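Engineer: What follows is a structure written as structure tokens; I'll ask about it next.
Protein chains: 2
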Amino acid sequence: MEDIARAAGVSPMTVSNAFQQPAKVRAETRERIYAAADALGYVPNRVAGNLASGRSRFVGAIVPSLRNSNFAGMVQGLQERLEALGHELLLANADTAERQVGAARVFLGRRVSGLVLTGTEHPPGLGAMLRAARLPVVETFSVDGPFIDMAVGFSNYAASRALMALVIEQGYQHVGFAGYAPRDMRFRERQRGFQDALAEAGLRNDLLFFGPETLGFSGGRHALDHLLGIEPRLQALVCVTDIFAVGALFECQRKGWSVPGRFAVVGYGDYEIAAEVPPGLTTVQTRARIIGATAADLLVARGEQRAVPDPIRDIGYQIVRRGSL
Amino acid sequence: MEDIARAAGVSPMTVSNAFQQPAKVRAETRERIYAAADALGYVPNRVAGNLASGRSRFVGAIVPSLRNSNFAGMVQGLQERLEALGHELLLANADTAERQVGAARVFLGRRVSGLVLTGTEHPPGLGAMLRAARLPVVETFSVDGPFIDMAVGFSNYAASRALMALVIEQGYQHVGFAGYAPRDMRFRERQRGFQDALAEAGLRNDLLFFGPETLGFSGGRHALDHLLGIEPRLQALVCVTDIFAVGALFECQRKGWSVPGRFAVVGYGDYEIAAEVPPGLTTVQTRARIIGATAADLLVARGEQRAVPDPIRDIGYQIVRRGSL
DNA sequence: CTGAAAGCGCTTACAG
DNA sequence: CTGAAAGCGCTTACAG
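Top to bottom, those sequences are chains B and S.
Position one of the first sequence corresponds to residue 1 (full-length UniProt numbering), numbered consecutively onward.
Position one of the second sequence corresponds to residue 1 (full-length UniProt numbering), numbered consecutively onward.
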């Protein structure tokens, strides 16, 4: 900055103003400064800026996986909105509980102005750490607290019930559930919706499979094999994720089973593949992009000390009916 | 830091040493400091630290998409290796050329110690900007320069030739190519391998389809439709990505075509789905994780002013043979 | 509209 | 093994 101040024949102060508060600098001076900055390939040092101002205008998002998820949609929503609001977005990948804490520490150390967390099940101590730092935090894809701070999502229970209403209405009697072993609140609520719906319909509701969260498409295959071993009359599989559901569809194809004639499958998430895989996957659309945009709004509002009237935002879901049930 | 110095009855300096160079502080003093830090929920301010030391020990990676890619594998490799080397990793998502430049500016502004770029086609000016900043940069998934600085990948041309050798050996005569319109060097090399191989075998090599890069699974469907319109005898489709290939497989299923009897498909990337989709996708495994780990090594070495003997690393590829051809 | 002074929370290089 | 001084590159609050 010193260099460009010299080149433009002004003080460093004026250079800073030209970038931060252009209105305070005469147009002519401003142009001279911009020209000098360009010529020198100057990129303002945000590290120094953040330290001096105590603000960072940058939010962090911790995503549990980059693979097979609709976190991509959330990230897109976050990014678009933050960009519009003049903030930056940086991501950290955290596939284990330890890495999740590590990522939070990284962001805290760099003094982010806000943090987005995915899901609601976090390692012990994470919430306390974040609260102690008084950092604005948004948890996503759920409205079932308790939350560390704010949340944007939808009712996983309600969505699950809506999906099950369809399954039951179609007359399926022997229905299985394919879930994850490390169940966070989102997955538990989906399972609860599954079990309550079947119980209320007077149907068996204990055909459950829980695989490790590292399982991708193969989870659907394992679930199907496992549940078929318990109940050979199994007619339908409700999956905690579209990825599991597509895996199950693949397994049906291998067995030569027609879908939904011989067997029905439903998923969760409405990933791109849900619309492409034959015969189309019936699933729950989670509006990931809106979740991201809303999270951005909450974080920025909080960062500017504005009151956030409704810190738990339910943005709903939608059932998407396709060929698989 | 001031606070914890007071609480532990030492100077701030000693606190800093306890965290940065534990060996320089007596064990007893150190314990006192750690206890105080814990009690106060102290998270060292890296912003101040970076500014003071001029080092950041943090690398940035710009990924073009979070969806359907094996960048996830690269990120995993990067993360594991950087963690071991005591560095932090932060990601930026950039799905357009402008966002790519924006992300680079964000990282530059925060004075990263190194940058990982995906692919080799970048907006004009990006290379100049990065070079002007004298920032260590690694481009990935290719060894076909020119590069901004360093690179880790494999020969897309060689991989494509190896795959085509298989296709031709199986006797397929009418073979199409499904690629991306915004072709960066990686995709161009794959296409060149495709065309050269067919030409050398005396076969037609102009059955090409190029879709926008936003196309996911549906790209395979579009490619198939388009090329079939040009050449109804089409027997096989070579895809620039497993995602396209799976989309093509879905389309075959919809048409009731047997694979590879009636139609053959090959992909690129060996994503998880390649092994799961029936009848298994023949593809090129790109060793994304090793690419990430190697990129981390290069960046850290360069950051520590160590000489990097071979800044363009070819880590090879592998053809994975499955049921689709 | 422009600028001199102080300070953000650390680290560096050095002295004790 | 411990600490007082200077400085990293900005911004803030103020004066001119």
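All C-beta atoms, glycine included, are put in the ideal place defined by N, C-alpha and C.
As the structure is a prediction and not an experimental result, all values here were calculated from the model.
Can you list the residues of chain S that B/Pro278 reaches, using a CB-CB cut of under 8 Å?
Structural biologist: Phe250, Gln253, Arg254
Engineer: Along chain S, which residues have their Cβ under 9 Å away from the Cβ of B/Met129?
Structural biologist: Gly41, Val43
Engineer: Determine the extent of the beta strand (DSSP E) in which B/Phe177 is found, giving its start and end residues.
Structural biologist: 175-180
Engineer: Counting only Cβ pairs nearer than 7 Å, list the residues of chain S close to B/Ile273.
Structural biologist: Phe217
Engineer: Since B/Val284 and B/Leu208 should fall inside the 8 Å C-beta cutoff, what is the C-beta to C-beta distance between them, to a whole number of angstroms?
Structural biologist: B/Val284 to B/Leu208, Cβ: 19 Å. No contact.
Engineer: Suppose the cutoff is 6 Å on Cβ atoms and the five residues either side in sequence are ignored; what does the same chain contact list for S/Asp144 look like?
Structural biologist: Met185, Glu189
Engineer: Where does the unbroken alpha helix (DSSP H) through S/Asn17 begin, and where does it stop?
Structural biologist: It spans 12-20 - the alpha helix (DSSP H) in which S/Asn17 sits, taken as one unbroken run.
Engineer: Going along the chain, which residues of its own chain have a beta-carbon closer than 7 Å to the beta-carbon of S/Tyr180, five neighbours each way excluded?
Structural biologist: Phe187, Phe210, Gly211, Glu213, Val240
Engineer: Flag this pair as touching only if the segment 53-72 of chain B and the segment 94-113 of chain B have three or more C-beta atom pairs under 8 Å; answer yes or no.
Structural biologist: yes
Engineer: Please give me, in chain order, every unbroken run of the beta strand (DSSP E) with length at least 3 that falls completely inside the segment 17-94 of chain B.
Structural biologist: Qualifying beta strand (DSSP E) stretches, in chain order: 58-63, 88-93.
Engineer: Does S/Arg46 have its Cβ less than 8 Å from a Cβ in chain B?
Structural biologist: Taking CB atoms only, S/Arg46 has a neighbour in chain B less than 8 Å away.
Engineer: Would you kindly work out how many angstroms separate the C-alpha atoms of S/Ala84 and B/Asp242, rounded to a whole number?
Structural biologist: Take the alpha-carbon of S/Ala84 and the one of B/Asp242: they are about 34 Å apart.
Engineer: Can you tell which of B/Ile291, B/Asp314, B/Arg262 has its C-alpha closest to the C-alpha of B/Gln79?
Structural biologist: B/Ile291
Engineer: In this structure, does DSSP put S/Glu139 in helix, strand or coil?
Structural biologist: For S/Glu139, the secondary structure class from DSSP, reduced to helix, strand or coil, is strand.
Engineer: Hey, S/Ala223 and S/Val175 are a contact pair by Cβ (cut 8 Å); roughly how many whole angstroms apart?
Structural biologist: The pair is not a contact, with the Cβ atoms about 12 Å apart (cut-off 8 Å).
Engineer: How long is the line joining the alpha carbons of S/Leu117 and B/Pro22, rounded to whole angstroms?
Structural biologist: S/Leu117 and B/Pro22 have their C-alpha atoms roughly 33 Å apart.
Engineer: Give me the Cβ distance between B/Gly303 and B/Gly49, rounded to the nearest whole Å; I'm assuming they're in contact under 8 Å.
Structural biologist: So it is not a contact: roughly 16 Å between Cβ atoms.
Engineer: Do B/Ala151 and B/Glu169 have their C-beta atoms within less than 8 Å of each other?
Structural biologist: Contact: no.
Engineer: S/Ile312 to S/Tyr157, Cα distance in whole Å?
Structural biologist: 16 Å
Engineer: Quick check on this structure: which residue in B/Pro12, B/Thr29, B/Lys24 has the alpha carbon closest to the alpha carbon of B/Pro44?
Structural biologist: With distances taken between Cα atoms, B/Pro44 lies closest to B/Pro12.
Engineer: Report the neighbours of S/Phe71 on chain B: residues whose CB is nearer than 8 Å to its CB, in chain order.
Structural biologist: Leu66
Engineer: Quick one: give me the first and last residue of the beta strand (DSSP E) that B/Thr283 is part of.
Structural biologist: Taken as a continuous stretch (DSSP letters only), the beta strand (DSSP E) holding B/Thr283 covers 283-285.
Engineer: Would DSSP call S/Leu130 helix, strand or coil?
Structural biologist: helix
Engineer: Can you grab the Cα-Cα spacing for the pair B/Pro123 / B/Pro309, in whole Å?
Structural biologist: Using only the alpha carbons, I get a separation of about 28 Å.
Engineer: Ignore the nearest five residues each way along the sequence and tell me which others in S/Arg161's own chain have a CB closer than 6 Å to its CB.
Structural biologist: Gly193, Ala197
Engineer: Check S/Gly303 in the structure and name its three-state DSSP category.
Structural biologist: helix
Engineer: My understanding is that S/Val265 touches S/Val259, with C-beta atoms under 8 Å, so please give their C-beta distance in whole angstroms.
Structural biologist: 6 Å
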